Structures are given as structure tokens and as C-alpha cells.
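Residue numbers (the numbering used here), protein chains in the order written: chain F, 1324 to 1779; chain W, 5 to 312; chain H, 24 to 311. This report concerns only the one structure given below.
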Amino acid sequence: MADSTSSTSTRRRFIKAAGATGTVALAGCGGNNGGDGGDDENGGGGTSGGAGSDSYTITFWELFSGGEGPVMENIVQKFNEEQPLDIDAEVTIDRQRTPWAEYYNTLFTTLTGGDAPDMAVMHAAYLRAWGETIDPIGNYIDTEAIQDSYLDSHWDLVNVEGEVSALPMDLHPLGGYYNKAVFEEAGLDPESPPGNWEEFQTAANAIVENTDNWAFSQSPYNDGFGSWRTWSSFTKQQGGTLFDDDWNPAFDGEAGQATSQTLWDMTGDWGWGEQTTSENWGTNAFQNGNLGMTMNGTWYVATLEGIEDLDYGFFEPTVAPNQTQEENSVWADGHTLVLPQSQDRSDEKSEVAAQVAHWMTTQNPEWGAEAGHLPASVDIRESEEFQNAPFYDTTLTNYLDMADNNKYFYHAKVPNGDPNSQDWYQWVLDLWGHNYDSPQEAVDDGITTIANGMKD
Amino acid sequence: MGLRDTLSAGDDEVAKQTMFGVRKQTIEGVVWSLPYLAVFTVFLLWPAVKGLWMSLHDWNPFNPAASEFIGIANYVELFNDPVFWKGMQGTFYFVFLSVPLLVILGLVLALGVNKNVKGKVVLRAIYFSPYILTVAVVTLIWSEVYSEGYGLINYYLGFFMENPPGWLTSMDLAMPALAFMTVWWLVGFNFVILLAARQGIPERLYEAARLDGASTWRAFKDITVPQMRNSILFVVIIQFILQFQVFAQPYVLTGGGPRDSTDTLVYYLYRSAFSQHNYGYGAAIGYVLVVILILIAIINFKVIGTND
Amino acid sequence: MTETADSSILDRLTNVSPRTVGVYVFLYGTALLMAIPYLYTISRSFQPREYLVDPNPHWIPPEITFEYYEFLLSESLFVQWTINTFIIAGGATLIILVVDSMIAFSLTRLDWPGQSIVLSIILASFMVPYYMNIVPLYTIVSDLGMVNSYWGVILPAVASPLGVFLLYQFFRDIPEEYEEAARLDGFSTFQIYSRIILPLARPILAALGLFMFVYNWNAFLWPLIVLTNESAYTLPIGLVNLYQGNLETPGLHMAVTILASLPLFIVYLFFQGEIVRAVQMQGTGTTG
């Protein structure tokens, strides 16, 4: 009858769609669990190829984009082709990238569902808060043996409660960047950036007085987190503490108040920066030659290099007023590689994954050379590729020097909450934009917000 | 009339048919509902109920078995939480700004286009078009429009005034700015539905009214509105439900700022559940929202009424 | 009409009432305001960087560049992703139309105990915020083995109560006389559904189909969580993943967002014609 054909054709369409999805499901889950069978949660089709210990497929989740993305892609490809591990099995890295903004949400959700990847990128700052979800990599590799292959500053990064939670991949600390053309216009020596507060102040005032440009932006993106990097560095340089021993936010001491007052004045009486919370005013201004100095992480080089006609330079961000502390005074966080907890992964496989992580973090100078980060490997300084990076002289050597001089403090590995979330630091941005009645009000708000954010 | 009696007699016949003592219509009713209900129960109802369950626990997402039952403690904490109330305030404010405009503008456009207007097809296409954009596109476009220093609006305003306002950076303007953007984005949905409803009203009703000498307003009041009642009710309720759950717009554009003036309930839910891993607390926020929405729906049903 | 062209135009111009002018101004003005923001963005996606960072807005690109689109189309699995998205969005939409119309039919045209309870539960579930469901839902999808499968995306989408509610409200308005006459004629329940209700509901089904297709096309977070393989991604996810939030290339950012919507826009234009036709047919007095 006429009616039944319409329902049959609908049914046929379903089957075609189901077939397509079936194929995709098979393709997607092929070899997810190369080792022990255990509980194969990915129902669509069995494991392809991987039987026992002849081959391992290590699923690897990462979040790199922009300039870093292709670099990571190449590193993985190199591994899969060269098979550099000294074991009797074929190891394939199955890389999956998630957009940076959704990375941790996706990781969180899949972890709750029990579908963890074998290896994942994780910012060091999360190592304590996400501690329950990761299997300390120190359990699967001889940490004493490999310790020497890493720079001290990086090795310390991944030590949590005495355990080696992860392997460090890079450090991306804060740095100062200045526009040489603006310096010249202001009558300053473009090859001589500020090295302390007095020089910083002189330079900023010169820019304000002699040019139509802005002097300083605490973070070119004009975002909360970026503002915190600068704010916390200034506070530490003045001897302040950020968190006490019980992890209560404690940055409203003298140093914190002083930093807040400084930032307040910058957009207030001194006129160094635009008094606004408008996104990205600094990025546009810096590139258009309307801003003299700013502070940002290592990754900024990749951007700056790509802009024609921009002559930029680097300076250490240790320019806070009343500086009393030299060591542990510049903000730094880093990417690390972790092994998420998984019941399906055999110890054998975890060991293989740990070795993959070790290779990835020590044998790839291009991670620094092309992406601008400070790689973790101790050999890196000797690496030609690293030294030939276009910005080696501009930024990388300086970041290395700071590491040697122990200048970094790590972004707080809070026990709970998301220390990278913008809402934790909205108050610093609102401080910059004078949305409070006083800098003190801002700091108080900051304490409350972060304390709330760490509530369990 | 005789026909009615005949018809209802036929109805009774049908009603009386039974199979195994269960009315045939009951079996049919259930069978026809089953496909949807099956999917619904597994993929929506169950997670929702599970969420309620979670809200009664100090839920540990990575080790659920270790979650401690704490009864209504999450809810109590919620009511004492100033961030929750700020989010509540922001949400209500946003709904107040966006929902009436969404419904009324949708209705006005639908009625306007329904007449014999030249270029109807183009107009219809344009009114609905923003709806197909995803939130990422919408926020991108409007960040360029609203930008304080570089935006479209302020570029032109700059010819008339010294310091054009920061649309997203001013504590007073941020939420209205988000609401306006949302209306632009979503009004097409209401427009389409109300247009379909309006076109379903038989012309003869209007002809009869015209013959009676009724004014346009009378026709609107006595024919259009009553005939469209069900769809207006639908549109109002849906908009309440959707806009009360506003999250992406403040999340992407303002981060809840400046100074939490654009914080909303679902945004707080998201932070609790995904940033703080405090899923039970987030679930509690979710359920408070459900209760609010149920109340609103009930009120709407009573006020706008149903055609029975 | 038999008037000569000249006099008829003159007539029409002088007969135009201020109210009609007002209506036109309002309608076209609104349309202009609505279209401007995205037309501007489309224009900018073809402009080289120097014009994009210029504080002066350039409505017409002073220089046209295809570089952003070239990059995206060559570097991405654009075709694959578009196909995936069509399958997911199309599949979900079709299933929804069938399944939702069935239950709406059952709730409005059939009579059985517990109807209002079922409807209330469905409606109440609609009020549960999406983000709250994600974690428990993921557990289920994972247990059912649907991770990285299209079903893991489609089935949760089918569970949406929006369509049920929408069709319920519309089906209610269909006069009972139709069915009663049909039953007298010996129509089975299925025939009433397919021969009477569905045709009458065409406009609203077309609208629902459009809404659901758009929604599922643009869905981001959930498919991202479920699909773990780059070749399985939908178009929006694939493009955003390829390039994301790099502030230094605003043009690329815009091109990504435009490209992600493009196939959808084409489908929309086509579908739009369908809805118009369906609505017109229904509007021209099929009621008795």
C-alpha cells in the first residue's frame, strides 16, 4: 500500500545511516586497548591488530593550536615512523586534539565515564587538583635515571607531594616585551630595555610624555588570567605570598596591596595604560605601534614574529617597585604529560606510555624552536636546532638564563578548582579598569572569589 | 445536529473496542509513544534523575561509590551563597530584557510579513537567518560590533560623542548588550512559528469580521490572538526555558563581568561542575532552576490559558 | 489588471497610506539591521590583515583575499566533515520528525490514561539545564558502547522534548471533525496519522525539521565529547579544532565561522522555500 512504502523508505534510510555510523565507530575505536582486553568499553567492533605485546597503540590527547599544533603533529608522526623506543614492539601514538577551550571539559567528562586516554597533556597547575584522576608517572619509569635528562627548574615542576606525577614538557613563563620603534620615538635607547623599577618607570613616563602612545599593558589580551600573571609576579617580587600553607589565598598582604595600588595608578594618575576592561586593546595597540611595553608568556614570540614591520625586544619582567626577592619571582607554568587513571591499561602498557612521554619531552628541540616554549630537556641548550631558532637571541636565551638563576615560581597547584579559569582573576582586570572604588576592594574581592573557587 | 450524534456514536464504538480487556486506544496510545519514550527515558530522563540524585550527595565524579549522601545540604549552602544570588539576579534581569522582546518582536514581524508585502520571501529569509548561526559566530560578530575601541557602533557614535560607552565593559550596559544580541540571534525561531500559526487561521474569519465593520485592532484582539493562543503560549514558555538557561553569551563575551554583572545561574552551574568538579553542587543549582521554570510554566499556562 | 502601466503606478503611489509606508520602513529597516552584522563579518573574512586591525571599518574589502578560505579548505577534511555533519544532523532530524510526530499524535488524537503525566514529565525534563546532564549522560553513552559513534550523538539529540512540545501544541488545533469523519470511513489509526494529520501539519513539521537540523548542525560540546576521532568530527568542530582563538589572525577566525555555517545556510535557503510553500498551501483555506 502507498503508506507502507513511505515507512519502508524511511527504514532504509536508517539502515544506511546506521551502516555509515557503524563504519565510523569501527574506524574510531580500532586498537584503543592494545594491551589487556579487560573491559572493552568501545563496543563498536573489536580491537584491530593489536594482540598482546607485539604492538601498542597509545592514545594521546592534546590541546595545541595555532603555531604549536603542526609542531606537535610532526613530533608524533616522527615517532610513529622512527620507532625510537628500545623495545621489541611496535608503538603507535594515536593523537587526538581537542580545542583548547573545551579540552579540560572533555577530559573531565570522559574520565568520569571511564574512557581515559593512555596519555594526555596537562598543565602543571592542575596536577594537584586533578590528582585523583592521574596515575603518577613515577610509578612506571625509573625517575632517578631520567632526572638528569631534565633541567632542574622543570623537574621540580612535576613533583607533587613527593611523587613524580608527570613528565615536564616545557615551561612557559612570563616575559616582558617592548616595541623598539615606540622606544625610539620616546627618546629611549631601543636596545636598552628596563631592568628594574626605576628604569621601567622612566621608560613608561617618557613614552607617555613624548609620544601619543600607551606605555604599558599588563596583558595584551586584557584578560583576567594574563593580568594575574603580571600581578602575581609583581607581588612575589616584593616578597609577598600568594597562598598560605593551608592553601588559603593570602595575597592581600602588604605586597599584594602595593601591587594593586601600582596597577591602579598605571591606569589612573600615571596614564600608562588605557583604563578599560575591553578585550585585546593591548594586542592591537602593541602591533599597531601604539603601545610601548607589555608582559606575556613565551608563546607570544610566535605571534610577534609573524607581524611584519614589528621590531620587538624582550626584557625580564622583574621590574616591580620595592623589589626584595629575586628568586621565585616570575610566574611560570608548563605543559606536562600525564597518564590518566585507567583500569583497562596494563602496567606494561603504562610503562610503554611513560617511555613515550620521556622521548617526547626530551628529544624534540623543535618544541622550543618553533613554538617558543622553554623545553624541558637538559640537552636542549646544546641542540643546534634550538639555537638556530629565529628568536633564540631575542627570547629563548633570556628565558633560559632566568631558569638558571632560579627566577621562576610555579603557578599555584591548588588542591581544588581551576587555577587557569578567567573568573578567578576577573578582579585584576576590573582593578585595571577601575571598576572598583579602590584597589583594596579589588584585592578583597579577589580573595573571596578564589576562596570560593577552591571550595570543595 | 444529527451529524454530531452520528459522529459521537461512532466515537463510542471505537472507544469500546478492547483487546485483552485493555482499551484498544490505550494500547495504541502507548505503542505510538514508545519510540520517543524509549529514547527519552534512556538519554534524558535517566540522566536528569541521576542529576537530582547527585545533588543530594557530595558527589565525587571520579569515584562515585565514595560519594557521601548529604541530603539537602547542597541546597542549604546554595541559599546562603551570595554568588548564587548574584547569578539569579543576572539571570532574571537577562530574561526580563530578552523574553518579552523576543516574543513581541517575533509576533510583530510575523504579522507584518503575513500581509501582502512586497519582498516577503526575502524578508522572511533575513529574519530567520541569524538563527542558523552558532553561538561562536554570533559572539564573534557582536564582539566586533560592541568593541569599545574598535567596534562598529562606537566608530559611528564617535562622530557624535567624545567617549562612546563600553557596551560590554560597562556594568550597566553589559547585560542589556547581551540581551539585545540574543534577541537579534533568536527572534527568527519565534517568527517562524508564529507565522505558521497566523497563516493557519482561516481567512473567512477575517472576512466575516470585515463585513461586520470591525477595526484592525478588534480583528487582532478577537480573532488573531485567540486563534494563536496555543502557539503564543508555546513560544513564551520555550523562550522562558531557553533564556533562563543563558550561559554561552556571558561565558564567551564577558566572562561574567564586568564585576559579575553578567553572571548567570547556568554559568555558575558550569563553574561548579566543570571547574571545581563539585558536581553535586552544580546539580543542585540545576534543580533550583527546574523548579523556577516549572513555576513559570504553570503561571503561563494559567495566564495565557489553553484552548480546551 | 487592465490599466496602463503609467496610470497604475501613479495611482498606487498616491494611494499609499502613511501606515503602509510605516510598515514597510519598519519591516525593511529591521531586516537591514539584522543582516548588517553578519554581512560585515562576511566582508571582513575576505580582507587582508591590515584592514582588519584598522580602527576604521571597511565595508567593502579594499583588497580581496582568499587566503583564509584557501588555508581552511586545503588543510582540513572539509568535505569529510561536511558529510559527517549532514549524516548526524540529517539523521537526527529525520528520526525526530518521525518519532516526535508519533508521540504528539498519540497525546492529542488518542485517548489513554496517564497522558498528562507523560506530557508533564517530558516538559519538566526540558527544563533541566544541558550542562547538568552531560556527565551522567556520558556514563550511559559509554556503557552502551556509543562513544565515537554517531548514535552517541544522534540519540541524545532525539531525546529533546522541544519537538514533542511544539507538535503537541499544533496538533491540538487540528479539529476533531476530520478524524471522526475518517473513522466513519473506516480509516485505521495509522491512516489517520499519515493521511490526515501529517499533511495538515506540514508547515510545522517543516519548521521543526529546520530547527532541529540547525541545532544539530551547530551542536558543539556534546559531539566533541563523544567523537574522539578527527575524521569523525562535524564541520564546526573540525574547523574550530584546526584553528582556534588565535587572536593574531582575525580573518582566519572569521573565515572559520563563516565556513562552518555555509552548508547549513545553503540548506536553509532551500528549506525556506519549502516552508513557504507548505505554509501557503495550508493557509489558503483547507479548513471547513
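For every residue, glycine included, the Cβ atom is placed at its ideal position computed from N, Cα and C. Note that the structure is a prediction, hence the values are computed from the model and not measured.
Length of the line joining the Cα atoms of residue i and residue j
{"i": "residue 80(H)", "j": "residue 1706(F)", "result": "46 Å"}
{"i": "residue 1481(F)", "j": "residue 1562(F)", "result": "24 Å"}
{"i": "residue 1522(F)", "j": "residue 1551(F)", "result": "23 Å"}
{"i": "residue 15(H)", "j": "residue 1774(F)", "result": "Look at the range of chain H in this structure, 24 to 311, and you will see that residue 15(H) is not part of it."}
{"i": "residue 300(W)", "j": "residue 306(W)", "result": "10 Å"}
{"i": "residue 105(W)", "j": "residue 112(W)", "result": "10 Å"}
{"i": "residue 1346(F)", "j": "residue 145(H)", "result": "Residue confidence is low: residue 1346(F) scores 31 on pLDDT, short of 50, so the model does not pin down where it sits. No coordinate-derived value is stated."}
{"i": "residue 291(W)", "j": "residue 1779(F)", "result": "19 Å"}
{"i": "residue 1642(F)", "j": "residue 275(H)", "result": "36 Å"}
{"i": "residue 1566(F)", "j": "residue 76(W)", "result": "32 Å"}
{"i": "residue 1832(F)", "j": "residue 1748(F)", "result": "As shown, chain F starts at 1324 and ends at 1779. That puts residue 1832(F) outside it, with no answer to give."}
{"i": "residue 1782(F)", "j": "residue 1709(F)", "result": "An answer regarding residue 1782(F) cannot be provided, because it is not within the stretch 1324 to 1779 covered by chain F."}
{"i": "residue 1530(F)", "j": "residue 1536(F)", "result": "7 Å"}
{"i": "residue 1494(F)", "j": "residue 1467(F)", "result": "21 Å"}
{"i": "residue 1421(F)", "j": "residue 1654(F)", "result": "26 Å"}
{"i": "residue 1440(F)", "j": "residue 1712(F)", "result": "33 Å"}
{"i": "residue 120(W)", "j": "residue 46(H)", "result": "11 Å"}
{"i": "residue 1571(F)", "j": "residue 1777(F)", "result": "9 Å"}
{"i": "residue 160(W)", "j": "residue 1447(F)", "result": "46 Å"}
{"i": "residue 80(W)", "j": "residue 112(H)", "result": "41 Å"}
{"i": "residue 278(W)", "j": "residue 1770(F)", "result": "21 Å"}
{"i": "residue 1517(F)", "j": "residue 1497(F)", "result": "15 Å"}
{"i": "residue 197(W)", "j": "residue 231(H)", "result": "9 Å"}
{"i": "residue 1545(F)", "j": "residue 1662(F)", "result": "34 Å"}
Range covered by the alpha helix (DSSP H) that runs through residue i
{"i": "residue 67(H)", "result": "41-67"}
{"i": "residue 243(W)", "result": "233-248"}
{"i": "residue 1787(F)", "result": "There is simply no residue 1787(F) to check, as chain F begins at 1324 and stops at 1779 in what is shown."}
{"i": "residue 221(W)", "result": "220-223"}
{"i": "residue 203(H)", "result": "199-207"}
{"i": "residue 1446(F)", "result": "Looking at the DSSP string, residue 1446(F) is not in any alpha helix (DSSP H); the run it does join, the beta strand (DSSP E), is 1442-1446."}
{"i": "residue 1732(F)", "result": "Element bounds for residue 1732(F): not the alpha helix (DSSP H) but the beta strand (DSSP E), 1731-1733."}
{"i": "residue 1769(F)", "result": "1762-1776"}
{"i": "residue 227(W)", "result": "From DSSP, residue 227(W) is part of no alpha helix (DSSP H); its letter is neither H nor E."}
{"i": "residue 1477(F)", "result": "1475-1480"}
Residue i and residue j closer than 9 Å at C-beta
{"i": "residue 1499(F)", "j": "residue 1609(F)", "result": "no"}
{"i": "residue 333(W)", "j": "residue 252(H)", "result": "Residue 333(W) falls outside the range modelled here, since chain W spans only 5 to 312, and no answer is possible."}
{"i": "residue 207(H)", "j": "residue 29(W)", "result": "no"}
{"i": "residue 255(H)", "j": "residue 173(H)", "result": "yes"}
{"i": "residue 182(H)", "j": "residue 88(W)", "result": "no"}
{"i": "residue 236(W)", "j": "residue 107(W)", "result": "yes"}
{"i": "residue 1433(F)", "j": "residue 263(H)", "result": "no"}
{"i": "residue 138(H)", "j": "residue 33(W)", "result": "yes"}
{"i": "residue 268(W)", "j": "residue 259(W)", "result": "no"}
{"i": "residue 86(H)", "j": "residue 74(H)", "result": "yes"}
{"i": "residue 1381(F)", "j": "residue 1442(F)", "result": "yes"}
{"i": "residue 284(W)", "j": "residue 273(W)", "result": "no"}
{"i": "residue 1681(F)", "j": "residue 1469(F)", "result": "yes"}
{"i": "residue 1616(F)", "j": "residue 1502(F)", "result": "yes"}
{"i": "residue 147(H)", "j": "residue 193(H)", "result": "no"}
First and last residue of the uninterrupted beta strand (DSSP E) at residue i
{"i": "residue 1614(F)", "result": "1614-1620"}
Checklist entry - Is it true that the segment 30-50 of chain W meets the segment 1408-1425 of chain F, where meeting means three or more beta-carbon pairs spaced less than 8 Å apart? => result no
Item to check | the segment 1448-1468 of chain F contacting the segment 1658-1673 of chain F, beta-carbon criterion three pairs below 8 Å | outcome: yes
Checklist entry - Residue ranges of each alpha helix (DSSP H) run of no fewer than 4 residues wholly in the segment 1638-1689 of chain F, ordered along the chain? => result 1670-1685
Item to check | the segment 1534-1545 of chain F touching the segment 1606-1621 of chain F, judged by at least three CB pairs closer than 8 Å | outcome: yes
Next on the checklist: Three Cβ pairs or more, each shorter than 8 Å: is that satisfied between the segment 93-102 of chain H and the segment 216-232 of chain H?
Outcome noted: no
Checklist entry - Can you list the alpha helix (DSSP H) stretches of 4 or more residues lying completely in the segment 1496-1582 of chain F, in chain order? => result 1503-1508, 1520-1533, 1547-1560
Checklist entry - Which ranges would you report for the beta strand (DSSP E) in the segment 1377-1431 of chain F if only whole runs of at least 3 residues count? => result 1378-1385, 1413-1420
Next on the checklist: Extract the residue ranges of the alpha helix (DSSP H) inside the segment 138-218 of chain H, only unbroken runs of 4 or more that lie entirely within it.
Outcome noted: 138-149, 153-166, 173-181, 185-194, 199-207
Checklist entry - Between the segment 181-197 of chain H and the segment 112-122 of chain H, do at least 3 Cβ pairs fall closer than 8 Å? => result yes
Next on the checklist: Three or more C-beta pairs under 8 Å: does that hold for the segment 201-217 of chain H against the segment 57-66 of chain W?
Outcome noted: no
Checklist entry - So, do the segment 166-177 of chain W and the segment 149-158 of chain W have three or more beta carbon pairs nearer to each other than 8 Å? => result yes
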